[in-house]
Structures are given as C-alpha cells and as structure tokens.
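The next block holds one structure in the form of structure tokens; read it before the comments.
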Amino acid sequence: MKRLDTLEAWFLTGSQTLYGEKTLLQVEKDSKAIARALSDSSLIPVKVAFKPVLTNPEGILEMCRDANRDTNCIGVIAWMHTFSPAKMWIAGLKALQKPLLHLHTQFNRDIPWESIDMDFMNLNQSAHGGREFGFMVSRLRLPRKVVVGYWQDPGVQERVAVWTRAAAAWHDAQGARIARFGDNMREVAVTEGDKVEAQIRFGYSVNGYALGELVDAVARVPENEVDGLLKEYDESYLVAETLKSEGAQRQQLRESARIELGIESFLREGGFKAFTTCFENLHGLSQLPGLAVQRLMAAGYGFGAEGDWKTAALVRAMKVMSQGLNGGTSFMEDYTYHLSEGAMKVLGAHMLEVCASLAGTKPSLEIHPLSIGNREDPARLVFNVQTGPGLNATIVDMGNRFRMVVNEVEVVEPDAPLPRLPVARALWVPHPDLKTAAAAWILAGGAHHASFSKAVKTEHLEDFADMAGIEFLLIDGVTRIREFKKELRWNELYYGLAGGR
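The letter at position 257 of the sequence shown is residue 905 when you use my numbering, and the numbering goes up by one with no holes.
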C-alpha cells in the first residue's frame, strides 16, 4: 500500500491581475504560508503542495490538466484569496478529473478594527471571492467538499485531513485490480453486481481466476519461506499447544502458512489490491483460507467472502483511508442478535475472516473444526474486538446506481466469556438502537456483509461517496424510520430523474 505521505494535494489560489503586482505578491506569500502550514500539520497525512497563483483562464486550465496527469496528485484544494471571476474557472473545472475541496478561509483570523482600510479590504476578499467560485462549481454540478473556518484551527485541518484520506482511497482505486478465486456463493443475491458499471464508477476492475491457478501458487511456495512464516506466527501470537513446534497439529498450521504465502505471492505478482474467496469452491486447497485472510487484511489487502467483490473493494478503500489512525478495519458480518429488551446487541464475525487490526488484546492462534466447506480443520486468530466507537459500511448495487449504507455503532464487551466460539468476534450496540438500525439497514437493502472499522469515521465515507458520485445513507443516533423512509423515496425519485448519476 502506498504511504500517504508520498501523495500530494495541490493548493490552488484564485485571484486576478486587477489588483496589481504588489497585491499579487502578497497573495502568493500568504498562499505559501497556508499551504506550508497544512502540509506540516500533524493531522493531515499527505503533502499539501503550493502551486502558482492563478489569475487567468489559460493558467487555470493548464493547472487542472497538470493535476490530472500527476500520478502523486490525489486532488486539489482551491482557495480564493481575493475575488477571482469564476468564468475563468469554467474550462479548468470542466477538465479536472481529481477530487476538489473548496477551502473557504482567509489569511487573517480577525478583523483589524483599528487599522482596517480599503487596501486591506481589496487584499482580503475571501468572503465573497469564495461565493463567486462556489457558484460556478454549483452551476457546473461538480461534486466537492466545502470546509469553512480559519485555516490554523485544528477543526478545519481535521476536516481537510478527512478529505485527503478519502481522496487517497479514491486515488488508490483508480486502476486497482481485484481477484476473485471462484465465483459468488450460489443463489446469493446481494454479492452479485455489475462489474462493468463498477469499473466505470469506481475505477477498479474485477476479474475471476481459476482456483487451480491459486493451487499452483500455493504448491510453488518454498519450504524455507514456510519455516520463516511459522516462526513469525510463534513470535506474534499466543499459539495453542497443539500448534507449537512439537504439537500434534503443527503440520496443519504449516499448510495454513503455505496457503497464506501462495495467496500473497499471487496477489503481489498480479498487482492486486483486494481479493475474494468462496467456501463452496475450495477444490485443490486443503483448508479454507482463514488465517491467511486475517493476516493479508492486516497487511492492507481488501477482502470479501463468498465472492463479495464490492465489500473487498470497500475494505481496501477503508484500509487506505485509515493509515496511521488508531483502530482497525475488517470484513465483517452481522451474525446473531442478543434481543434482551433494553440491552439489544449484535454479535459480528464471519467464520474465520476478521482482521487482527481490530484485536483488543494479543490474538490467540488456534485450530478447530469449521463444519462447513468439507476441508480439514483450519487455523485462525481468535480475539475480541476492542471496545469503543465504530461503524459498519456496505455498498450495494441497486440496479440503476450504487448505494453506500453506513451505521454508526458502539463496540462493547461480551456479557460473558465465549469459550465455545473459537473465532474473532465483535459485539456492538448499533445507533440509535438495534430495532431502528436493523430496520433502516434492511429498508435500504444493505448487505449482510460489511466493512467494519474503528478507525474510519462517517465523514471519510461520505466524502468518498461524493467523489464516486454514489448514493449515501447514514444510520446514526438521530435516525428515525419515518424520516429514513422519506429519504429513500426522495432518493429514488432523484436518481430516477438523474439516470442513476
């Protein structure tokens, strides 16, 4: 995964020649100061690169074209220091193919009450210069994020940071490759979808590969690499006695390591960023890849079980967004409910495939029967997900559009130990409550699979959905079913009129 600090957001300042050379020199000086401060901010993970002040249509168009061509540019931040006549921006904005953030700020925080004069007013015109620019972006019907406030305020920098993380994930998706080993689980509806439309909309491609190709990759793994990975397991986890070097099931753990190395080599050599498996299609593999999937997700790969490529892509995007943030991100599924009145909860898991980045304590490496897939007992990491705020997100294909659904949750400790459930698991209380959240999720057509995160926040995903031009629905602490149903109806009308765009 490309490090965020190697990427750039370009800082574009709008002005015009009307104000004269002296004013434009000050505009440049101020713009450099803001770009430098944002770039140096501990909150913003990418470099914010100052670009020359823009004063004419030709310069704006060329700058936007340069941004499109630059492989490290994830998007542009536009700021109007003075009044910048917006007709100058039409060609550039029409050409721009990168995400756009409109920073509506001004260089000075306060009005200098005693000294303010017309020279100051002519220089510091962000208040109405930003409105002129905003009109043109709205007139062009272009998606963008608008952040308002003083550029040195942590809250403003945090909102810019959220956008840069979403833009980095969008950048990562362009040209990304997702490998599907086998097909979707048979007769399942929600994991299907239009892969061609997904490539048009999101930028990534999804293709299937015969399981035999993966089996060959597993068979080619050198024994010394298996030995090295087993040593890593021994040092990283609480290893069950039967899986230790002299344990009775060490050979099965050895096979788990071989499968992990085989999948990893296939993904690396093919330049893949995400993958799917399906327990109905394991021909040639001795085990369901459980431990392998957990560890590959922890390394940054996206994953979806049962052929769920949409969730695999979303997990990858959220992995990119969350680099350097506390918490973790994983493939997840609502598995079963605790329906005690006043204490309703959801137990989330997925057979074996929950990423260890979510672990609250050092995971235990164990091996147990799976009772599904008709293969030998697979290894897996067992742990409880750390408590605190989190969210579930899913993307579904509604036929005429893609829809993202997000539910904010609170992860809690299990009411009692789970000694007979040897899988990684999370227990959470959905907001605003389980009855409302589950009803809203179902009304929205949300999938039974999700990307679960304790690092990514709602605003990251909303920004990403805006960049993709897809529908976004939030289930949070203020959700009410009557109003949520109205939103669904309004959205149906809007996307019907807009042709799904």
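Think of the CB as a built atom: it goes at the ideal place given N, C-alpha and C, for glycine as much as any other residue.
Practice task
Pick out the complete beta strand (DSSP E) segments inside the stretch 983 to 1028, 3 residues or longer, and give them in chain order.
Solution key: 993 to 997 and 1012 to 1015
Handout entry: Pick from 1050, 897 and 1113 that is closest to residue 845, judged by C-alpha positions
Key = 1050
Exercise for the section: Would you mind reading off the limits of the beta strand (DSSP E) that contains residue 748? Expected result: Segment 748 to 752, the beta strand (DSSP E) holding residue 748.
Exercise for the section: Just the C-alpha distance for residue 662 and residue 970, rounded to the nearest angstrom, thanks. Expected result: Distance between the alpha carbons of residue 662 and residue 970: 31 Å.
Practice task
Output yes or no for whether 8 Å exceeds the beta carbon distance between residue 748 and residue 790.
Solution key: yes
Handout entry: From 880, 1046 and 1032, residue whose alpha carbon lies closest to that of residue 1071
Key = 1032
Practice task
Could you tell me whether the Cβ atoms of residue 940 and residue 950 are closer together than 8 Å?
Solution key: With contacts defined by Cβ atoms closer than 8 Å, residue 940 and residue 950 do not form a contacting pair.
Exercise for the section: Tell whether a beta-carbon distance below 8 Å holds between residue 659 and residue 696. Expected result: Against a cut-off of 8 Å, the Cβ pair of residue 696 and residue 659 comes out as a contact.
Handout entry: beta strand (DSSP E) segment containing residue 793, residue limits
Key = Counting along the chain, the unbroken beta strand (DSSP E) around residue 793 starts and ends at 793 to 796.
Exercise for the section: Go to residue 872, then tell me how far its alpha helix (DSSP H) extends in each direction, as first and last residue. Expected result: 871 to 884
Problem - Spatial distance of residue 797 from residue 965 (CA atoms) - result: 28 Å
Practice task
With a 10 Å radius around its C-beta and 16 neighbouring C-beta atoms as the bar for buried, classify residue 849 as buried or exposed.
Solution key: buried
Problem - Buried or exposed by the 16-neighbour rule on C-beta atoms within 10 Å, applied to residue 1019 - result: exposed
Practice task
Pick out whichever of 683, 682, 701 and 650 has its Cα sitting closest to the Cα of residue 669.
Solution key: 701
Problem - CA nearest to the CA of residue 992, picked from 1079, 926 and 1105 - result: 1079
Problem - C-alpha distance - residue 887 paired with residue 1003, whole-angstrom precision - result: 17 Å
Exercise for the section: Could you check which residue in 778, 1029 and 958 has the C-alpha nearest to that of residue 1046? Expected result: 958
Practice task
Go ahead and label residue 766 buried or exposed: buried means 16 or more other beta carbons lie within 10 angstroms of its beta carbon, across all protein chains shown.
Solution key: exposed
Problem - Residue environment, residue 1017, which counts as buried when at least 16 other CB atoms sit within 10 Å - result: exposed
Problem - For residue 723, the residue or residues it bridges with in DSSP - result: Note: residue 723 sits in a beta bridge opposite 657.
Practice task
Using only alpha-carbon positions, find the residue among 815, 1133 and 1026 that is nearest to residue 1109.
Solution key: 815
Practice task
Measure from the alpha carbon of residue 1006 to the alpha carbon of each residue in 1044, 1096, 1104 and 924, then state which is nearest.
Solution key: 1104
Practice task
Over the uninterrupted alpha helix (DSSP H) stretch that includes residue 1056, give me the two end residues.
Solution key: First-last for residue 1056: 1050 to 1060, but that is the beta strand (DSSP E), not the alpha helix (DSSP H).
Practice task
Would you check if the distance between the CB atom of residue 649 and the CB atom of residue 866 is smaller than 8 Å?
Solution key: no
Problem - Residues sharing a beta bridge with residue 783, DSSP - result: Bridge partners of residue 783: none, in fact.
Handout entry: Endpoints, alpha helix (DSSP H) assigned at residue 770
Key = It spans 766 to 771 - the alpha helix (DSSP H) in which residue 770 sits, taken as one unbroken run.
Problem - DSSP bridge partner residues for residue 1074 (one or two, in chain order) - result: 996
Practice task
State yes or no: is the C-beta of residue 898 within less than 8 Å of the C-beta of residue 891?
Solution key: When the beta-carbon positions are compared, residue 898 and residue 891 come within less than 8 Å of each other.
Practice task
Look at the alpha carbon of residue 646 and the alpha carbon of residue 1127, and state the distance between them as a whole number of angstroms.
Solution key: The structure shown does not extend to residue 646, since the chain is modelled only from 649 through 1149, so no value can be given for it.
Practice task
Please say whether residue 656 and residue 708 have beta carbons closer to each other than 8 Å?
Solution key: Their beta carbons are not under 8 Å apart, which means residue 708 does not touch residue 656 by this criterion.
Practice task
Give a yes or no on whether the C-beta atoms belonging to residue 1056 and residue 1106 are separated by under 8 Å.
Solution key: yes
Handout entry: Touching by the beta-carbon criterion (3+ pairs, under 8 Å), the stretch 773 to 785 and the stretch 729 to 736
Key = yes
Problem - Classification of residue 805 by the beta-carbon crowding that lies within 10 angstroms, buried from 16 upward - result: Residue environment for residue 805: buried (at least 16 other C-beta atoms within 10 angstroms of its C-beta).
Handout entry: Assigned exposure category for residue 948 - 16 Cβ within 10 Å defines buried
Key = buried
Problem - Status (buried if at least 16 other CB within 10 Å, exposed otherwise) for residue 935 - result: Residue 935 is buried by the Cβ-count criterion.
Handout entry: C-beta neighbour in chain B for residue 750, strict 8 Å
Key = Here chain B cannot be found, since the structure has a single protein chain.
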